[in-house]
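Worksheet: one structure, shown below.
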Amino acid sequence: MSTFSDNFDKIKTEYETKRANAIKDAEARTLTLHAQYPALKAIDGKLRATGINILGEAMKGKNGLEERLKALEEENLELQKQRKDLIEALGLPSDCTDPHYECKECSDTGYIGINMCRCFKAALAKCAFENSGLGSLLKDQAFDTFDLSYYNDNPANHERMKKNLEKCRIYADTFAEGSPNLILIGATGLGKTHLSTSIAKKVIEKGYRVVYDSSPNIFNDFNKEQFKNESGLTDKYFECDLLILDDLGTEMITSFTVSSLYNLINTRLNTGKCTIINTNLSIDELRKAYTDRITSRIFGCFEPLMFTGKDVRMQKLQKNL
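Numbering (the working numbering), first residue to last: 13 to 333.
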């Protein structure tokens, strides 16, 4: 898994490259225009000369400096006006010799002053999304698309899911190091993946490292690392700021996976890393499937959110028939 530093370096290099390309392209356009329009070349040459002259005058001493600089400034302004009038007369765009940056706010530097530009933040978030394991889930699932009308069959279910939605929204909005761990419990198709994906999306946008993967995939990586000497596969599960372990209980439960699960949960708890677990298993089924050592850690250190109602996926399917 790429770290924030890796992503930052990657995006920074991309920005440096596209800024350099924009400047290079502007220089090429300028050379072409100078060859076509000698008057433009002459004015640009005089403008460069006034800039050099200003530096030269500053080095001559303070005696009469203000008057000399004022004269050069007036000359510069007059040349700029001549240049503007000439470009208009030639029917050229006003920015015909300027670099055409993708972002007008930061000129493709990624920063406005000392503050990171929103375009750079967006690029970092996009990179983080691509490395999160969420894939296409990010396109369709968000808090605003969580439809509570699918839980109208029972007032208690509707109220519970309304509270779950609000709880998850607040969790995402206030996420930081030391945020609580959650376990989302309920039958398939009740919105656990939707809400946990929505949390992941918001947390990634805040600049945190998120890994979202299914229990079978996660423990398959543990298996490969242990028995096939494929080192480093599980580092991302320990190092990310938020791990979302989806479908706990669907992996092949063996002594090895149970041991790996305990090591993962225990290590993340001890290092202050946040974890969200989704499971279709009931509390009793979790106790039967895993050791007391694991379930005591889960129920002692994770806040449970119970999901109830009728399978939303089936309701959507029936609606479309």
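The C-beta atom is built at its ideal place from N, Cα and C for all residues, glycine as well.
Counted within 10 angstroms of its Cβ, other Cβ atoms place residue i as buried (16 or more) or exposed
i    : result
F239 : exposed
T266 : exposed
L177 : buried
Y123 : exposed
G103 : exposed
K285 : buried
L77  : exposed
R325 : exposed
N332 : exposed
S308 : exposed
S208 : buried
T44  : exposed
Residues bridged to residue i [DSSP beta-bridge criterion]
i    : result
T121 : Answer is none; T121 lacks a bridge partner.
F319 : G198
M128 : Y123
N290 : L196
D225 : L257
F314 : N193
Unbroken alpha helix (DSSP H) run spanning residue i, endpoints
i    : result
F268 : S267 to N282
T209 : K204 to E217
N176 : P167 to D185
E297 : I295 to A301
Q330 : V324 to N332
Y113 : No alpha helix (DSSP H) holds Y113; DSSP gives it neither H nor E.
Y220 : Per DSSP, Y220 belongs to no alpha helix (DSSP H) and is neither H nor E.
D107 : Taken as a continuous stretch (DSSP letters only), D107 belongs to no alpha helix (DSSP H), as it is neither H nor E.
K248 : D247 to E251
Beta-carbon proximity of residue i to residue j, cut-off 9 Å
i    : j    : result
I35  : P111 : yes
N193 : E28  : no
M318 : I197 : yes
I288 : I195 : yes
F187 : Y224 : no
T262 : S294 : no
T121 : R31  : yes
D259 : V222 : no
Report task. Quick one: which unbroken alpha helix (DSSP H) runs of 4-plus residues sit fully inside the region 18–91? Chain order, please. Result -> Here the runs fully enclosed are 50–72.
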